[in-house]
Structure formats: structure tokens, C-alpha cells
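These notes are about the structure you will find just below.
4 protein chains.
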Amino acid sequence: MAAVSGLLHEYGANIAQSDQYSTSIAGGTFLMRVVFLLPDLEQRRAAFEADFQARIAQQYGMEWSLHDTAVPKRAAILVSREDHCLLDLLWRGRRGELGLDVGLVASNHTDLADDVAGFGVPFEHVPVTKDTKPQSEARLLELLHGYDVVILARYMQILSGDFLQQLGVPVINIHHSFLPAFVGAQPYERARVRGVKLVGATAHYVTEELDAGPIIEQDVARVSHNDDVVALKAVGRDIERTVLARAVIWHGEDRVIVHDGTTVVL
Amino acid sequence: MAAVSGLLHEYGANIAQSDQYSTSIAGGTFLMRVVFLLPDLEQRRAAFEADFQARIAQQYGMEWSLHDTAVPKRAAILVSREDHCLLDLLWRGRRGELGLDVGLVASNHTDLADDVAGFGVPFEHVPVTKDTKPQSEARLLELLHGYDVVILARYMQILSGDFLQQLGVPVINIHHSFLPAFVGAQPYERARVRGVKLVGATAHYVTEELDAGPIIEQDVARVSHNDDVVALKAVGRDIERTVLARAVIWHGEDRVIVHDGTTVVL
Amino acid sequence: MAAVSGLLHEYGANIAQSDQYSTSIAGGTFLMRVVFLLPDLEQRRAAFEADFQARIAQQYGMEWSLHDTAVPKRAAILVSREDHCLLDLLWRGRRGELGLDVGLVASNHTDLADDVAGFGVPFEHVPVTKDTKPQSEARLLELLHGYDVVILARYMQILSGDFLQQLGVPVINIHHSFLPAFVGAQPYERARVRGVKLVGATAHYVTEELDAGPIIEQDVARVSHNDDVVALKAVGRDIERTVLARAVIWHGEDRVIVHDGTTVVL
Amino acid sequence: MAAVSGLLHEYGANIAQSDQYSTSIAGGTFLMRVVFLLPDLEQRRAAFEADFQARIAQQYGMEWSLHDTAVPKRAAILVSREDHCLLDLLWRGRRGELGLDVGLVASNHTDLADDVAGFGVPFEHVPVTKDTKPQSEARLLELLHGYDVVILARYMQILSGDFLQQLGVPVINIHHSFLPAFVGAQPYERARVRGVKLVGATAHYVTEELDAGPIIEQDVARVSHNDDVVALKAVGRDIERTVLARAVIWHGEDRVIVHDGTTVVL
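Protein chains in written order, with this note's numbering: chain H, 893 to 1158; chain Y, 893 to 1158; chain C, 893 to 1158; chain U, 893 to 1158.
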């Protein structure tokens, strides 16, 4: 911390925000996120990065990266038929709340094409059947090339490990339950059968194992015996869109660090 | 509903509260809880019950029971070493918030004997080891005889199916996770490993299958990467005691009806 | 209750839901909402209403009304420039979640005209200035004629008592604070100055006195010193739209009864 | 930040936690809380403090203080007749959750003397009448001498500005409403009349102006028309004790910084 803030001070940077977390008091991994104002960053960036690498990162064995907050990340959204998460993201994007640029929406259905058009975002239809999954994933890889993050806004297809590896950027999914409860399909149906008194949603990074990736954000809402599956889904939609939006916003602000299968949100 | 309220009207009863739930709009089970004021209930009870049975219950194939709200249920509490749920229940009992009489606390440890004494409630020490479990359960059955409900306020022993059957009254347990997530032992440790962003607690009726009984109440609280297992447990204690207290109060008010492995809380 | 359910039984109606509330155990006002299935309601409605009035309502001095749930209420929305509440209502309406028909959006600005057009709902621009307020209100009265309820989805004009009286139907407003805290203008600015740790929103029926009408629904979200006014507003938007939607849905289902300056939500 | 972490580094301190907040990006007040491990602190404390003052605090015009986390603050509690906040604090203290030592409970009533005795904490009865308020406050000042913080755990007397000034240490109060709603007496009664859908509690530092001091923590719980004043108070008690406990714990950890009539909780 002294080294990083010292170098920033030396460069005349003004620290706007600084958050740290140590995975263990003694000998743990030290995680740090610093937001700073550095005049003329563009011209001085190369020198600063070289200095940072040579004088600090090497000494402390750091993994690090530098992002210009004026350059929002580029996001693509995959969606199937449910509109609530998609529209919420597009609205927030239009309002400037999202902090990243949505450059593409791709779907295995055409239902939401018109909605997306209204926001001036390109829409691509990439159908998937059991037999055409490899071709679909290949097509998606072409389309998703160049994006910094992919958001699954209720995309009801499982992405193969191979696809995730070739994609090479983080994928954020919204799962419609409070994980690890109700991993897999039909969580609301199973929540109803189990008689839970709260339903939830979980935004997580996608890994090859289904619904097992690092959790970014979760929330719940109260339900009762009066709520049948249709009602649970209606309650759940509000939680899903809010939880996904928070996770996406935090990811866009580089607040989320994955460590040991979990996330640290700084 | 017409039949029940009609008979009550005929008897001059004043309905204070009435709640209904139908498990299905057509052909489901109809559940109903009516609170009414009936002057001279004691003297007229036998006649009313006979009438109710003959004129209504038989016709509609009802299971029913009548409880005098002036006579609180008698409860016994089982506890191990954690004090938070126990003390909260005793404290609420003293304040008159609980709506049932706690007549006994039994524990497999002696740690909490003094606390219980301060509330003027009898305390029984019933140690359990792997080898003495049958004797312990036999002793508990003697002690618990005559109670209307048994509350497991962090009792860290699994009760056998045989014990439950012989006991013959409802047993309410507080599980320290948001079921069905983290069934079984060490839920906070597993919550930490999985990196959940909320921890919860679940009050449920005990059945032979571990942590699988009908859920009465649940709640959660927000946690973060900053919260180690010790911190998760501290947050959890507040949720556990509150959730258990709500479940016990509702049970004492005859609000909780078990149906098809779940509860309807009227 | 016996009388109402008895008559329904006599007509062969099947009670789907029944909720009651008595403002006082002895001598209070008894409020009741019954949802029932009555085959051939249309043909039998006149007879049923006459019977209900003659045999029940007169005897008990009831105020009552009968609504066909298959005929949704007609709603008009007034809005200024903020889109979040409006879009949320339109979106829920499209999904069939709202339970009432939005037939008109009127605004004192034109900013949201395109958004409204996308949902196929007529949009009317009714500008207001200090000098033209009477004419504006007159124009609104023309436009709002025939609607069952008017929703102020962040409409930043105070409606005159005269207007409300002539309008003659309920008006639901969303106020961007947890009333009665921060009545009036700029609640988020004042919340920031006061240093509150939660911000909220309140949906209420509009009365002549500013922000003093019967509260239908409220909710809050956690904020901190890190949240400046811009951040408070962003957090608040999510609460506002959710709280307003709940209030509108409940109103559409005839769940909300005004009594003595407050609401009973059955 | 660079200066502080640099000096700590120089002394071989290990930073365990560091939180910062700037009241304004440019030219605001910079607030910082650093928790560090410094071996042999006791022997080196004088030197470290002198260094810190001379090399850092003077240069940046800092107000600062250094607390040994191994030495908990000493707290005194004032209470009237309600037991819930008091008992919750004493329990948490016994469990080691509170992080400060409760050395005294003083009350204007004797109702809670036995409860306090059970925890081995001295209890002082300091009656107050309208006529004896000055003498009571004088007696309290004697008793409270030497404590680091005073906690009003539902103490239903207004402390004079003179008293607060002479006391000279922070006083934390729990107010039984979501401030600034329902400042002053009988908040639950007024909440019922206003028909709010949530009740809350607010922990704040006491200033001369009633219920206007800097807010440390707030929370709310959902209520409905079914909850009369007695029920609102029961719901409120759970919120009050939790909110007060959080505020006290944070204060004990030196997390709460008062700035401009509000608090920053680091």
C-alpha cells in the first residue's frame, strides 16, 4: 500500500478511492483497487506503467492492470425469451447508469428483436438446436470477438467449456435462485415444492461447472404459500434484474476480483 | 366458509380474525383459521364442539381443532451450548411476547444452567454420547411428556425417527442456513467457501430426514468477503434467534398448518 | 362474514380469496374483500347486486362494490421527465403483470413521447407554466375523463384541490422518500444533508395536502456516506419503480381500502 | 495516504485494514482509518506518535488519534424501564461481540437492577423528577466520570446541553423511529396514525437538539394495518436492539467519524 500510494504521489496523482483486502492477516494475498486522477494520463501512461511494473509489481509479485475510467468496457448480451433482465440493462445503459457500452445483443430467439432495435443496439439471431450447438457457438464466438465482457441476461443455453475457453473474457450469468440452493433447471418450481419463504437470484461468473462459478451478488424477496409458481417468477424477475444490474455495474467499475472460487467486491 | 361463519354467528360468536387458503382453486384442500370471541366458551364448549362436528366437520370431511387462546401451549426447549436462541426465547417469554409457556429447558451440556435459572425455568442436564444416545432419548421422552411442542434452540444432536414418533408432538428446529442451501453440519464454514453474499437461517418442523422438514420461516442478512467464519456466525446469530422466535410465536398462535411437506402460515 | 359467505354460497359462488379486517375488536368498522367465481355472472349480476343490497348491505350499513376481475381498470399515467417509473409500468403492463390497462400517458414535457410510442400507448403533451396551470388542469380533466385511476409516475407538478375534486377518481403518487420523512421537494438532497443510512419511496393516494395522503406502500434501500446525491437518486429509482408498481397492482386488484387517513391492504 | 502508509511501512507495521473517504474529490476533507499490527507498540508508541505528529500530522493539518485495539473502550449505559436494548448489549458484551467493556448501568428506575446483577455489572439508581433534574445530572456526571462513551439504551430522559458539555464524551442514543420521521415522543403511536408500512429505529450521537444528532445506523421492518401500537412496539424492539448494537460495535472499533452533522462509517 505504501509502495503504490507512494508512486502515485510521486506522479502527482490524486487518489479518489482506495480499497484493500487481505485474504489472510499473515501471508495472505493482498488485493487492492485504486481509483486516481492523473492529469495527462494518456501521454504519461506508458512511462507510468513501465515504472509501476519495474519498481512495484516485480518486487511484490503483483498481478495488475490499469483501466482508463473514461473508456467504458464493451459488453455483449446473450438472451433467450425473457425480457426483464435485458430491458433493464438496456434502460440503465441509456440512462448512463451502467458504466459500460452494450454493443450487441444476440439471442437464440427473435422475440426481443424489436425491443432491442428501439435502443439502437444491433441484434443478432443465433438459433441453437441440439444438433447445431457447435455451429451456434462458433457463430457466437465470431460475433463476440472484441467484447470485454459477455452478459447472460436469462440465456437458457449451457455454454460449453470449450466455448468459454475460446471466448477468453468474463461471462456473467444471472441464475434465478439463491445459490447454492436450486442449482440447475426450474428453480422456482422446486422452491414452490420445498416451501421456501424467500426466493432469490444470484449473479455469478460462468465456469464450466453449472451454476458453480464465483458469486458476484445475490438478493432475495419474501414470498408465501399464496405465491404459486407464476407469482414466484414475477417476484423473482424483480430480484433477477436488480441483482444482475448490480453485478454488471460493479464488474464495469473493476470492483470484482475473483479469488479462490469466490469474489471480493471492493 | 359460509358454514363455519354461519355456525359461529348462530352461537353469537364475534369473529376477530379469519384466514383461509385453498391449495388449488378447484378441488384443492381448503385451510382455515378463525379466531373468535365466544362468551361463556368454557360452559358451552362441549355443545359447540359436538355441533361443529355433526353439522360441519362431517359434511365437509374436515380435520379440525379448537384451542382456547387464554390457555397458552406448553413448550420445552432443548439446547446445547449456544445461548443466543435460548436467551431470546426466555426473554420474550418473560415479556409475554412468546404466547406460550416455557416449562423446561434440557441440555446435553451444563453451560447454560445459570442463565436458565435466572428466568425461573427448570433446567435438566441430559448428557449424550454416541453410546448413550438411546438412554438419553429415553430420559428426554420422560422429561418432555406432557408438553405441546418442543423447540430445538441450537440443539446439536440429531433426534432419531423413533424418538420423534414416540414424542408425538411437533418439534421446531432452527437451522443455521437458508435451506435448502447447506443442509447438514457447518453451514457457515461452507457458506464462506462458496462465497455467498447473504447468510440465512431456517425454522422448520423436524422430520426424520435431516433438515428436510416443512419450513416455517426464513430470513437472511447481507455479508461480504470481509466476513470470516467468526463474523458470519455473529451475523447469523441475530438471524437465527429472530427467525426461531417468529416460528415459535406463529406456532403458538396456531397459524402454521403443514400441508404436503410445506407450511401455510395463516 | 357469515351473511356475505352465506349469500355467495346460496348463489353457488366459489370463494377464491377472502380477507377481512376490523378496525377495532369491538364496535370498529369491518372491512372485507372477497374474490369469488360465479358462473354466468354477467347474466345474474343485476339480480345478485339487488339481493346483496337488500338482504345484506342495508342490514349492516355497508358500503360495497362489485368488480368483474375480467374487466381490468383503465389507468392514465402522468409523468414529467424521469423515465424509470413510467417505463416500468408500461413494461409490466405489456407482460400482463399490472392487472390494469394503461390507456394514456400525458406529460408536461415531450422527452418520453418516443418511449411511450414503442408500447403503443397514446401520448399527450400538456405543458404547464405558472400562468397556464388552470388551462393545463382543464385540458388534463378532458383527457382523463373516463379513466378509473390516475398514476403520477414522477409527475413533478402539484395538482390543485379543485382538480382532484373534479377528477373524482383515485390518484396514486410515488414520493421519492420514506414519508413522513422529507415531505416536499428535493428529498434526496435533504437525505444526504441529514446523513440517513437508508433511502426510501412511498406510494400514496393524493389528497389536497402535499404528501399527506394515505400511504399504500413503502420500501427502503441501504446507502452510505459514499453515496452522493446522484448515487442516492440511482438507488432511489429502483425503489420508486418497485413501490409504485406494487401499489398500482394492489389498487388494480381492489386490495386497498382507505380508512381514516390510512390504507388497509387486504 | 502515501505519507501515512509510508511511515507505517518504515516502522515495520503490517496494515490489516485501511479505509478512506474524501468528502469532496477536490479540496474536501480526507478521512482515514488504518488498523495495523506494530510489534512492541507499547515501547515504541511515544516515539511513533512524536514522529507521526512531526512528520505527517503537522504537514497535512490532521486531527488524529491512536487507539490500542487490545484496550477496549469503557462504556456506561443509561436505561429507564425497557429491557430489550440493555439486555442485548449485556449479552453481546458477555459473548465478546461488543468490543467494549460495560462498566456501569445507571437507571432512573430500579426495575432492571436484578437483570443487570446477573451479568456482574454494577447498577446505580439515579431517580429523576422534574424538580431534581439538576441534582440527577450532577450525580450522573460523578458516576460517568472516566468512561469513554455513554449509551442510552432507551433512557427516556432528555439530557441537558450543559450535561453533555460537562460529560465531554460521545453519547449514543437509540431513537425508536426512522429519523427524521417522528422526531420526539411516541413515534409508534404516530406511525400508526400515519399508516406507515415500515417502522424503524435510528442510533445517533446525542447533541443538544432533540433527535437531530449525527445518525450512525438505521434499519426498518415491515408492518401492516394488522399491527396495532402494541405490535408495532414489539416489531420495533427487535430493530432497536439490533441497530443500537451495530452502532455501539462500530463506535468501539473507531469506525465512526462525525463530519458536518453526519457520520462516515469506515
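For every residue, glycine included, the Cβ atom is placed at its ideal position computed from N, Cα and C.
Backbone secondary structure at residue i - three-state DSSP
i	result
Thr1155 of chain Y	strand
Asp993 of chain Y	strand
His1143 of chain C	helix
Val1122 of chain C	helix
Ala1077 of chain U	coil
Leu900 of chain Y	helix
Ser1162 of chain Y	Lying before the first or after the last residue shown, residue 1162 of chain Y is absent from chain Y, which here runs from 893 to 1158.
Leu929 of chain C	strand
Leu958 of chain C	coil
Ile1131 of chain C	helix
Ala1083 of chain C	helix
Lys1022 of chain U	coil
First and last residue of the uninterrupted beta strand (DSSP E) at residue i
i	result
Gln935 of chain U	Premise fails: Gln935 of chain U lies in the alpha helix (DSSP H), Leu933 to Phe944, not in any beta strand (DSSP E).
Ser914 of chain H	Asn906 to Ser914
Asp1111 of chain Y	Ile1107 to Arg1114
Minimum C-alpha distance to residue i - residue among the options
i	options	result
Ala962 of chain C	C:Gly920, C:Pro931 and C:His1151	C:Pro931
Ile1149 of chain C	U:Gly1087, U:Gly920, U:Asp993 and U:Leu933	U:Gly1087
Glu974 of chain H	H:Arg1129, H:Glu1016 and H:Ala1137	H:Arg1129
Pro1026 of chain Y	Y:Tyr1039, Y:Ala1005, Y:Gly1012 and Y:Gln1049	Y:Gln1049
Ser1052 of chain C	C:Arg947, C:Gln951 and C:Leu1032	C:Leu1032
Asp980 of chain H	C:Arg1133, C:Ala1009 and C:Ile1066	C:Arg1133
Ile948 of chain C	C:Ala968, C:Ala1126, C:Ser897 and C:Lys965	C:Ser897
Gly1105 of chain U	U:Ala1123, U:Gly1144, U:Val1091 and U:His1151	U:His1151
Gly1010 of chain U	U:Arg1046, U:His1143 and U:Gly985	U:Gly985
Ala1139 of chain Y	Y:Lys1022, Y:Pro1062 and Y:Gln1078	Y:Pro1062
Leu1044 of chain U	U:Val1156, U:Asn1065 and U:Glu934	U:Asn1065
Val994 of chain Y	Y:Thr1021, Y:Leu982 and Y:His1068	Y:Leu982
Val1127 of chain Y	U:Tyr1047, U:Val1085, U:Phe944 and U:Leu990	U:Leu990
Ala968 of chain H	H:Gly1038, H:Thr921, H:Ile917 and H:Thr915	H:Gly1038
Ser1116 of chain C	C:Glu1100, C:Leu1102 and C:Tyr1080	C:Tyr1080
Which residues DSSP lists as bridging residue i, in chain order
i	result
Lys965 of chain U	U:Leu992
Glu1034 of chain Y	BP columns for Glu1034 of chain Y are empty, so no partner.
Leu923 of chain H	H:Tyr913
Tyr1097 of chain C	C:Ile1064
Val1150 of chain C	C:Thr1155
Leu1017 of chain C	Leu is not the amino acid found at residue 1017 of chain C; the sequence shown has His there. The partner list for His1017 of chain C (beta bridge, DSSP) reads C:Ser999.
Gly1092 of chain C	C:Val1112
Leu1102 of chain U	Answer is none; Leu1102 of chain U lacks a bridge partner.
Val971 of chain Y	Y:Ser999
Beta-carbon contacts of residue i that lie in its chain and below 7 Å, excluding the five residues immediately before and after
i	result
Ala908 of chain U	Val927, Phe928 and Leu929
His959 of chain Y	Asp1146
Arg1082 of chain Y	Phe1074
Gln951 of chain H	none
Thr1155 of chain C	Pro1106, Ile1107, Ile1108, Val1148 and Ile1149
Endpoints, alpha helix (DSSP H) assigned at residue i
i	result
Gly985 of chain H	His976 to Arg987
Leu1056 of chain U	Gly1053 to Leu1059
Val1042 of chain C	Here Val1042 of chain C belongs to no alpha helix (DSSP H); instead the beta strand (DSSP E) covers Val1041 to Leu1044.
Gly1010 of chain C	Ala1005 to Gly1010
Other residues of its chain near residue i: CB distance less than 6 Å, five sequence neighbours each side excluded
i	result
Ala905 of chain H	Phe928 and Leu930
Pro1019 of chain Y	Asn1000
Val1135 of chain Y	Ala1093, Ala1095, Glu1109 and Asp1111
Residues near residue i by beta carbon distance below 8 Å, same chain, minus five either side
i	result
Leu1004 of chain H	Val971, Arg973, Asp975, Leu978, Val997 and Phe1015
Gln1058 of chain U	Leu1033
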